[in-house]
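First comes the structure, then the notes that go with it.
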Amino acid sequence: MTMRLLPLFSVLPVVILGAACASPEITREDIPQKKEGRELVPAKNPPPSTPGATKTPRKSFTTEVLNDLLVAELAQQRNLLPLAASRYLDAAIASRDAGIAERATRAALLAKDRKHASRAARLWMEIDPEAVEAKQIVALLSIDGGRIEEAVPILNALLSDPDIPSDRRFTLVGELLARAKDKKAASAIMERIIAQYGDNPDALFAFAHFLVRIEEKERAAAVLEQVVAMDEKNPLAWLYYAQFLQNQGETAQAVDVLSDALASGVRDKNLRIGLGRLLVSEKRYQEAREQFEQLIASHPEEAEIRYILALFLMQIDELEEARKHFLYLVKQRKFMQEACFNLGQIAESREDLPSAMDLYRKVEDGRHYLDAQVRIADLLAQQEKIQAAREHLHGISPQSTEESILLYRTEGLILIDAGDFQEAMSVYDAALGEHPENIELLYERAMLAGRMELFPIFERDLQRVLSREPNHADALNALGYTLADRTERHQEAFALIQRALTLSPDSYYILDSMGWVLYRLGRHQKALHYLQRALALRQDAEIAAHLGEVLWVTGNRKAARDVFRKALEKKPDDKLLLKVIERFDISKDE
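With mature numbering (1 follows the signal peptide of the UniProt record, and there is no 0) as the guide, the letters of the sequence shown map in order to residues -22 to -1, 1 to 568.
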């Protein structure tokens, strides 16, 4: 069997539906898309075509048809999709033109008009019986509408369609059936279809993938075992089985599966890459290293393998070895952007800031570009070149909302670290002027307002965060702690911190907040319990100050002095700690 080998643990390629298309609503992504000269399912001998005019014969149209097309085009340009769909369908019926029927189908789907979409798609299939996309859409609409049996003849036709690669037909049918609301009925039909091809490993593989999609995990595991037994030289089957096991939390078994595949003589680099990565996830680093070194020995010229090895070496802190491989890639001009970024990270870890900045400047595009620019700004700030850092950030043109937010946040945090709170507040104000609903910006401005003792802004922003994300544990904790510490609204503070603790029961700083609010409520013994838990998790000066105060107030002054003494050994200049000691007139030397 011939299956295109995909990278490690890729989801199977889908002809129509994305992996998350389980919603009953058909979205734009569900519709087979035709893109300039490229069929979604490539035909063996595709005819010359232009976008949006599939198999449209050169012929004259009546005035009525031309008028319908003109109205439809104008309606679509103005986003009047129902009108566009209706007029395209009228034109398709009158002209019996496949290209117009296709347009009518797509317009109706985008308008979420299933009735018109079904009529148009069936007309398209009737005019052009070989149109693969028409068959897919008719089947999709039947299945999505709960009429699964109606789709069966079309599914069988797809399985014998010469324009679909033979190793993709079964997967396509499985993806369509996985769309059904009635998973039991869909499973029965898929099983019935696959039974006709019992000795075909492609069919069995597609059935396993279908079972995974509809959450029948036990059956999927059993079928995948059959697949690898039947088609033991197929690396994609082994990789998919290993991925399935890893997703079930059975990584050790996934390791065994890929080890068995390699031991049985399957020669494929992706199997060994997959095995190496699984071993890394299991923290079996030496075994992983052996796999990657075997790969580089057998594929010394393959840049991708060298890059994977270098990343692995970085992960296990073998920075000098990783550096050698990244430098080799730079010399070969392969993975240049990625290699320069990672070399910059290594230089930073060595505190060689000039080299790190030079390397980051060489990252001129790609997925690491923005991260590299942010690192340059941060390194400038570390050298107290705050204005230069800001100018560098201002010179970057964000390509998305996410990038714009990251740039604002970076500038704001640089200013906060530099102690210029007022200018940082101006940056956050500007950022929230552009992105008023962004939770990260709201939360960070609230924290800044807290440090500036601008309590109304602090509370307002945190309340806005919680109105959008009620389970934001950090916002609940920050608001609760501040209410406990600076106001008399202790019961309100307790309720907020209790919610935060439910969400993050092992968070040392939330445990500290709970201890503090209980202390403020006069529940001292309970307060001690939480504060002692917090300090056991994290030796933090603020927690020590809180615990020491409660111990002192409850009369256990020896224990309080011990807590203060140990905290001062680690943080002799901590302001809160010194303030508590001074307030209770406790000598640091006692």
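Ideal Cβ placement from N, Cα and C applies to all residues, glycine included. From a predicted model like this one, the values you see are computed outputs, not experimental measurements.
Nearest-angstrom Cβ-Cβ length linking residue i and residue j, presumed shorter than 8 Å
i, j, result
"A266", "F290", "7 Å"
"D356", "I392", "7 Å"
"A117", "L154", "5 Å"
"I488", "N455", "5 Å"
"P179", "N212", "7 Å"
"A156", "F188", "6 Å"
"G344", "E381", "Contact flag wrong, Cβ pair sits at about 14 Å."
"A76", "R65", "Contact doesn't hold; Cβ gap of about 17 Å is too wide."
"A99", "L119", "7 Å"
"G458", "L474", "3 Å"
"M292", "N320", "6 Å"
"A424", "L440", "5 Å"
"A522", "L555", "7 Å"
"L240", "L256", "Not a contact, Cβ separation roughly 12 Å."
"A260", "V235", "What sits at residue 260 in the sequence shown is Glu, not Ala. Their Cβ separation, rounded to whole angstroms, is 13 Å, which puts E260 and V235 out of contact at 8 Å."
Extent of the continuous alpha helix (DSSP H) run through residue i
i, result
"K544", "535 to 548"
"T480", "468 to 481"
"E104", "92 to 105"
"L307", "297 to 310"
"G322", "314 to 327"
"A72", "59 to 73"
"G397", "Where G397 is concerned, there is no enclosing alpha helix (DSSP H), given that its DSSP letter is neither H nor E."
"I488", "486 to 498"
"P332", "331 to 339"
"N45", "41 to 55"
"S120", "110 to 122"
"I78", "76 to 88"
Short CB-CB distance (under 8 Å) between residue i and chain B
i, result
"Y285", "Looking for chain B here will not work: only one protein chain is present."
Simplified DSSP assignment, three categories, for residue i
i, result
"N455", "helix"
"I283", "helix"
"V130", "helix"
"M430", "coil"
"I364", "helix"
"P143", "coil"
"T465", "coil"
"R501", "coil"
"D349", "helix"
"D563", "coil"
"I521", "helix"
"A359", "helix"
"I354", "helix"
"I251", "helix"
"K261", "coil"
"I383", "helix"
"H370", "helix"
"I294", "coil"
"L555", "helix"
"S404", "helix"
"T149", "helix"
"S138", "coil"
"H507", "helix"
"G411", "helix"
"T388", "helix"
"G344", "coil"
"L154", "helix"
"Q272", "helix"
"P20", "Low confidence applies here, because P20 scores a pLDDT of 33, under 50, leaving its location unreliable; read the following figure in that light. Coil, per DSSP."
"L529", "helix"
"E437", "helix"
"R423", "helix"
"E418", "helix"
"R442", "helix"
Contained alpha helix (DSSP H) runs [length at least 4] in the stretch 159 to 247, N- to C-terminal order: 161 to 173, 179 to 191, 195 to 208, 213 to 225, 229 to 241
Three-pair Cβ contact test at 8 Å for the stretch 362 to 382 versus the stretch 337 to 345: no
Cβ contact (3+ pairs, closer than 8 Å) linking the stretch 124 to 141 and the stretch 85 to 100: no
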